[in-house]
Amino acid sequence: MRYRNITLLKHIYRFEFVRRLSNMNDTKRVAICQMTSVADKSTNLQVVSQLISDAAKENVQMVFFPEACDYICDNKKDVVGQAEPILTGNIVNKYRQLAAEHSVWLSMGGIHEKDESNPTKMFNTHLIIDDKGNIVQSYRKLHLFDVEIPEKNVRLKESDFSNAGRHIVTPVESPVGRIGMAICYDMRFPELSTSLSIMGAEILTFPSAFTQATGAAHWHVLLRSRAIENQCYVIAAAQTGEHNAKRRSYGHAICIDPWGEVVADCGDSSPTYKVAEISPRKLADVRRNMPVFQHRRRDVYSLYTLSLRKSVLPEHNETPSIDEKPTDCTTDEECNVFGHVRVPNSCIFYKSKLSYAFVNLRCVIPGHVLVAPIRMAERNKDLSDEEAEDFYRTVRTVQKLMEKVHNTESCTVTIQDGPDAGQTVKHLHCHIMPRKKGDFIENDLIYLELAKHDQFKRGHPSKPPRSLEEMRTEAELLRNELDKMLNEDKVSSR
492 MRYRNITLLK HIYRFEFVRR LSNMNDTKRV AICQMTSVAD KSTNLQVVSQ
542 LISDAAKENV QMVFFPEACD YICDNKKDVV GQAEPILTGN IVNKYRQLAA
592 EHSVWLSMGG IHEKDESNPT KMFNTHLIID DKGNIVQSYR KLHLFDVEIP
642 EKNVRLKESD FSNAGRHIVT PVESPVGRIG MAICYDMRFP ELSTSLSIMG
692 AEILTFPSAF TQATGAAHWH VLLRSRAIEN QCYVIAAAQT GEHNAKRRSY
742 GHAICIDPWG EVVADCGDSS PTYKVAEISP RKLADVRRNM PVFQHRRRDV
792 YSLYTLSLRK SVLPEHNETP SIDEKPTDCT TDEECNVFGH VRVPNSCIFY
842 KSKLSYAFVN LRCVIPGHVL VAPIRMAERN KDLSDEEAED FYRTVRTVQK
892 LMEKVHNTES CTVTIQDGPD AGQTVKHLHC HIMPRKKGDF IENDLIYLEL
942 AKHDQFKRGH PSKPPRSLEE MRTEAELLRN ELDKMLNEDK VSSR
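The numbers in the working numbering rise by one with no breaks, and the one at position 345 of the sequence shown is 836.
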């Protein structure tokens with residue numbers, strides 16, 4: 492029987508090796524599109540529809556479109572006036588229908604999104620739509636192109652009519668790889684691309700409408716640089732040609748591999764597309780042979796102050812998340828004051844003389860709990876010696892409990908002591924998060940997730956809150972496990 496099991500294991504390992512090798516050799520096909528948008532939406536939609544139809548016949552899995560694929564106008568009034576909401580607008584609905592009809596994923600770069608709260612502005616929004624017509628993710632352009640070059644007759648100020656986005660969007664899983672979302676001018680800011688690659692992006696996208704002057708000077712060198720330094724594929728669908736009397740785009744929709752080689756370039760033709768292959772093996776070979784991410788000096792420099800978003804914005808989500816509300820008493824049970832929040836007794840699993848521990852409304856990882864002093868001390872320095880001793884003793888007890896319950900040998904234990912350190916509740920508290928190997932692509936990315944964890948308090952929704960019932964259930968489990976642990980400690984100390 493033992494030899495039979497060994498033989499079975501060999502077959503399993505061989506199968507897994509072959510599967511991984513097969514996946515590595517499994518190239519993905521994408522289409523990179525180029526067009527010349529005008530002010531008429533219906534004309535542009537016909538072009539988009541034809542490009543999708545033609546590309547789908549070449550068995551591509553994803554089609555990439557440029558910034559402003561919906562329209563380009565020559566004045567601010569029309570630019571803002573023609574913008575539509577993402578969910579209820581006609582143009583995005585048509586794109587979603589086309590994705591489902593042709594069973595392809597779409598990257599629609601730089602849709603003019605109506606700002607419902609400000610009729611004088613809009614958002615420049617990049618959408619990823621899956622082959623069923625669902626909006627998988629959205630990204631609002633972070634960097635607005637405000638440039639004047641009089642000698643070259645270039646003047647374009649996006650800030651006149653557009654609002655900037657507020658988040659880096661974490662890479663999106665797609666059939667062709669993990670995609671990092673950006674738009675046009677964003678390519679000039681390498682921090683964004685590097686942040687996305689650190690978070691696991693394999694493809695960086697820059698749907699663009701680059702001006703003729705800046706494109707001729709910088710287009711290829713910028714995009715090849717982003718590919719080389721981040722060891723990612725770069726896909727930049729592009730506008731080309733004369734849109735109106737005021738505006739002309741450079742073109743050269745392009746795909747570049749992780750070594751910096753141009754895989755496809757559309758030149759200045761319009762409308763057109765090029766098919767390119769995304770090779771996981773090529774990606775792996777480049778990263779193995781030139782291991783720059785292993786050589787990064789995180790002890791000297793880092794990117795840990797990012798405003799990240801993983802979920803779709805609520806206004807782009809057809810299934811809205813539950814209202815953003817802090818933990819609060821919804822019954823007559825007694826509550827404990829935690830800054831501006833009230834914590835029900837049923838959510839507290841440990842209480843000492845001067846401190847208490849409770850389950851979390853939004854967990855960065857499973858087992859993420861909090862410890863706070865009972866008295867509302869705002870900073871670590873505000874604790875008395877007796878409170879500090881009790882607080883730290885409670886942290887140690889709770890850490891031991893969480894490692895036992897979650898079967899780990901490591902914990903992230905951190906205090907955001909003051910507003911500049913990320914503290915959003917004016918009541919000292921310690922985050923205790925049991926850790927397992929591989930729970931984050933990069934170990935210290937947990938601090939980025941922790942920054943996201945409290946963003947709802949700053950008006951940036953992140954994870955939806957857990958239900959009170961879910962938190963009560965977890966607290967009851969932890970109370971029971973804590974009793975067992977303390978009893979075991981008593982027995983072992985005799």
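By construction, the Cβ of each residue, glycine as well, lies at the ideal position given by its N, Cα and C atoms.
If you're wondering where the values come from, they're calculated on a predicted model, not measured in any experiment.
Burial of P557 is indicated by the presence of at least 16 other C-beta atoms within 10 angstroms of its C-beta. With at least 16 other beta carbons inside 10 angstroms of its own, E604 counts as buried. Counting along the chain, no beta strand (DSSP E) covers Q541; the unbroken alpha helix (DSSP H) around it starts and ends at 532-547. Between K917 and G830, the gap from beta carbon to beta carbon is short of 7 Å. A residue is called buried when at least 16 other Cβ atoms come within 10 angstroms of its Cβ; E960 does not meet this threshold and is exposed. Counting every other CB atom within 10 Å of its CB across the protein chains shown gives L977 a total below 16, marking it as exposed. Beta-bridge partners of W596 (DSSP): M553.
One Cα belongs to M893, the other to A848, and the distance between them is close to 11 Å. If you ignore the 5 residues before and after W710, its C-beta comes within less than 7 Å of the C-beta of F701, Y741, H743, all in its own chain and listed in chain order. For I719, the uninterrupted alpha helix (DSSP H) segment begins and ends at 703-721. Take V667, set aside five residues on each side of it, and the residues of its chain with a beta-carbon closer than 6 Å to its own are K519, V521, Q552, M553, I769, in chain order. In the assembly as shown, L861 is a buried residue. Its beta-carbon has 16 or more other beta-carbons within 10 Å. Put simply, the backbone Cα of L578 is about 7 Å away from that of E809. Assignment of beta strand (DSSP E) within the segment 620-700, counting only whole runs of 3 or more residues, yields 626-631, 637-640, 645-648, 663-665, 668-672, 694-696 in chain order. Per DSSP, the continuous alpha helix (DSSP H) segment holding T885 begins and ends at 876-896.
Put simply, of A673, P925, V855 the residue whose alpha carbon is nearest the alpha carbon of G656 is A673. Sixteen is the threshold: when 16 or more other Cβ atoms of the shown chains lie within 10 Å of the Cβ of T885, as they do, the residue is buried. In this structure, DSSP gives C838 a helical state, which the three-state scheme calls helix.
Contact check for L714 and I689: beta-carbon distance about 19 Å, past the 8 Å limit, so the pair fails to qualify. By the C-beta criterion, the segment 719-730 is judged not to be in contact with the segment 962-975, since fewer than 3 inter-stretch pairs fall below 8 Å. The alpha carbon of F680 has as its nearest neighbour, out of L635, N654, S665, S653, the alpha carbon of L635. Taking a C-beta distance under 7 Å as the contact criterion, G706 and A692 do not qualify as a contact pair.
The straight-line gap separating the alpha-carbon atoms of A736 and L647 is approximately 14 Å. Contact fails between the segment 582-598 and the segment 563-570, because fewer than three Cβ pairs, one in each stretch, are under 8 Å apart. The DSSP-derived three-state label of M962 is helix. Rounded to whole angstroms, the Cβ separation of L852 and R957 is 6 Å, and the two are in contact under 8 Å. In terms of Cβ geometry, E979 and V855 do not form a close pair [threshold 7 Å]. DSSP, reduced to helix, strand and coil, places M781 outside both helices and strands of the structure shown, so it counts as coil. Contact between H593 and A530 does not hold, since their C-beta atoms are separated by about 26 Å, which reaches or exceeds 8 Å. Annotation: D569 is outside any beta strand (DSSP E); the continuous alpha helix (DSSP H) that includes it extends over 567-572.
Between G751 and I726 a beta carbon distance of about 14 Å is seen, past the 8 Å cut, so the two are scored as non-contacting.
Pairing D776 with S653, the inter-Cα distance amounts to about 41 Å.
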